[in-house]
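Taking my numbering, I'd label the letters of the sequence shown as residues 108 to 504.
One structure is given here, and the rest of the page talks about it.
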Amino acid sequence: MAVTPAVQAADNPYQRGPNPTLSSVRAGSGPYATTSTTVARSAVSGFGGGTVYYPTSTSDGTFGAVAMCPGYTATKESLAWFGPRVASHGFVVFIIDTVTTSDQPAQRGDELLAALDHLTRTSSVRSRIDASRLAVAGHSMGGGGTLEAAKDRPGLRAAVPLAPWNTTKNWSGNRVPTLIIGGQSDTIAAVSSHAVPFYTSLPTTPDKAYLELAGASHFFPQSANADVAMMFVSWLKRFVDGDTRYEQFLCPGPSVSGSVSRYSSTCPLASGPTPTSTTTATTGTSTTRTTTTSSGGSGGGACSASYATSNAWQGGFVGTVTVRADLALSGWQVTLALPAGTTITGSWNGVRSGSTGTVQVRNETYNGILASGQTTSFGFQGSGSPSGLTVTSCTAN
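Set out below in structure tokens:
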């Protein structure tokens with residue numbers, strides 16, 4: 108399989124490592140050495156603790172992160188093979204336990220989001236994570252929970268339900284690029300009543316894909332599988348890192364033969380901009396790039412902020428603002444200027460005042476203290492068009 112030309116690192120700082128090949132994405136490990144740490148159940152709330160796998164190197168900066176949830180009656184050990192394998196490609200992977208093993212999909216969705224919040228706010232590896240590049244995944248009811256989490260937090264970059272189970276069949280409101288992987292011979296979450304209708308109901312914008320493994324049972328995610336790993340890593344690389352080199356494994360995708368009984372997708376993939384480095388500017392100025400990014404300056408040189416459209420569709424969008432401390436901060440406030448007809452309908456990781464026109468967002472209690480050079484981010488979903496949306500100021504609060 109031919110490798111697409113590499114994008115220059117200056118264009119996308121999250122494009123890392125050698126050009127991928129079919130053999131490299133199917134291999135047992137990627138280019139990063141990894142380690143892990145355990146998060147005790149007693150140390151967290153909203154989920155049952157878990158194990159975090161992450162690259163040992165910090166020379167490449169921060170990484171995107173994915174939280175993974177096991178299925179009904181299962182524990183984190185059932186998905187343990189994903190941890191080091193996915194982390195070795197440059198991700199922080201948090202495989203969680205649930206509050207109880209009988210938790211239903213909606214509860215598991217909440218637990219996935221609680222796990223991501225723990226990762227980015229209080230975990231021992233939070234400095235290694237880019238909080239604007241997060242994803243969710245899960246098996247069985249955890250796969251159903253993955254769809255729930257993506258519905259509740261549209262600012263996520265990717266979702267990967269594995270043999271998903273959920274009594275809700277319509278996910279037409281989801282706005283997160285989603286790869287569903289099902290097992291042809293699954294008798295617990297039969298693809299005809301779960302994975303396939305889930306996939307069919309998802310909108311074509313943002314992107315989606317469906318991989319069906321020939322002869323696979325409901326429990327295929329519990330054993331290492333090169334096809335699953337290739338697609339899982341490629342989806343995260345493409346949508347969490349914006350690394351288009353991995354699109355070759357998704358479009359046209361695996362051929363229907365041997366281990367694959369079906370593959371469908373929205374090729375060519377179009378969701379989301381290629382990530383760019385945080386930019387700074389003087390107070391009151393803004394820029395618009397091909398990646399729909401704008402930046403606003405500092406209040407007395409204390410901080411700067413940049414805006415990027417993470418995802419957009421007809422009549423709506425998801426945006427992310429990255430705040431950078433140019434001096435040590437104990438709090439910050441960002442002012443946004445929204446174009447006429449654009450409304451913020453929901454937000455996260457910031458306390459918002461207003462929804463149209465001039466909108467101010469200040470830090471939450473957990474992300475206001477920043478050392479010089481440190482960054483944090485908040486996100487929001489809006490109706491209307493993001494065209495013309497700018498950051499007008501960032502001030503110490």
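Where a beta carbon is used, it is the ideal one built from N, C-alpha and C, also for glycine.
So the candidates are ASP210, VAL146, SER366, CYS501; which of them puts its Cα closest to the Cα of VAL428?
In the sequence shown, counting from the first residue as 1, residue 428 sits at position 321. With respect to the C-alpha of VAL428, the residue from ASP210, VAL146, SER366, CYS501 having the closest C-alpha is CYS501.
Compare the Cα-Cα distances from GLY486 to each of ALA503, VAL441, PRO138 and report the closest residue.
The sequence position of residue 486 within the sequence shown is 379, counting from 1. Checked all of ALA503, VAL441, PRO138; the closest Cα to GLY486 is VAL441.
Nearest-angstrom Cα distance between ALA140 and SER166?
Translated into the one-based positions of the sequence shown, residue 140 becomes position 33. Translated into the one-based positions of the sequence shown, residue 166 becomes position 59. Whole-angstrom Cα-Cα distance: 12 Å.
Just to confirm the assignment, what range does the beta strand (DSSP E) spanning THR497 have?
Here residue 497 refers to the residue found at position 390 of the sequence shown. Note, THR497: beta strand (DSSP E), 497 to 503.
Buried or exposed for PRO261, going by 16 or more other Cβ atoms inside 10 Å?
In the sequence shown, counting from the first residue as 1, residue 261 sits at position 154. The Cβ neighbour count for PRO261, taken over all protein chains shown within 10 Å, is at least 16; the residue is labelled buried.
State the Cα-Cα distance for the pair SER247 and GLY489, rounded to the nearest angstrom.
Looking up residue 247 in the sequence shown gives position 140. Looking up residue 489 in the sequence shown gives position 382. Taking the straight line from one Cα to the other gives about 31 Å.
Enclosing alpha helix (DSSP H) for PHE189 [first to last residue]:
Taking the first residue of the sequence shown as position 1, residue 189 is located at position 82. Element bounds for PHE189: 189 to 194.
Between ALA302 and chain B, is any beta-carbon pair separated by less than 9 Å?
No chain B appears in the structure shown, which is made up of a single protein chain.
Expressed to the nearest angstrom, what Euclidean distance is found between the alpha-carbon atoms of GLY280 and PHE154?
The residue labelled residue 280 in the question sits at position 173 within the sequence shown. The residue labelled residue 154 in the question sits at position 47 within the sequence shown. Looking at the backbone, the Cα of GLY280 and that of PHE154 are separated by about 25 Å.
Jot down the residue ranges of each uninterrupted beta strand (DSSP E) in the segment 200 to 275, minimum 3 residues, whole runs only, in chain order.
Qualifying beta strand (DSSP E) stretches, in chain order: 236 to 246, 265 to 269.
Would you mind reading off the limits of the beta strand (DSSP E) that contains THR141?
Within the sequence shown, numbered from 1, the residue matching residue 141 stands at position 34. Where THR141 is concerned, the enclosing beta strand (DSSP E) stretches over 141 to 146.
Quick check on GLN291: does DSSP put it in helix, strand or coil?
Translated into positions along the sequence shown, residue 291 becomes position 184. Three-state DSSP puts GLN291 in coil, outside helix and strand.
Cβ-Cβ distance between GLN291 and ALA321 below 9 Å:
Taking the sequence shown and counting its residues from 1, one reaches residue 291 at position 184. Taking the sequence shown and counting its residues from 1, one reaches residue 321 at position 214. Yes. Within cutoff.
Proximal residues to VAL347 (C-beta, below 6 Å), its chain only, five neighbours per side dropped:
Position 240 of the sequence shown holds residue 347. Cβ neighbours of VAL347 within its own chain (closer than 6 Å, five residues either side excluded): GLY171, ARG240, ALA242, ARG264, ALA265.
Boundaries (first-last residue) of the alpha helix (DSSP H) holding TRP342:
Locating residue 342 in the sequence shown gives position 235, where the first residue counts as 1. 333 to 346 is the extent of the alpha helix (DSSP H) around TRP342.
Are the segment 354 to 374 and the segment 306 to 322 in contact at 8 Å, needing three or more beta carbon pairs?
The answer is yes - the segment 306 to 322 touches the segment 354 to 374, with three or more Cβ pairs under 8 Å.
Distance check for PHE198 and GLY135, CA to CA, integer angstroms please.
In the sequence shown, the residue the question calls residue 135 occupies position 28. In the sequence shown, the residue the question calls residue 198 occupies position 91. The alpha-carbon atoms of GLY135 and PHE198 are separated by roughly 15 Å.
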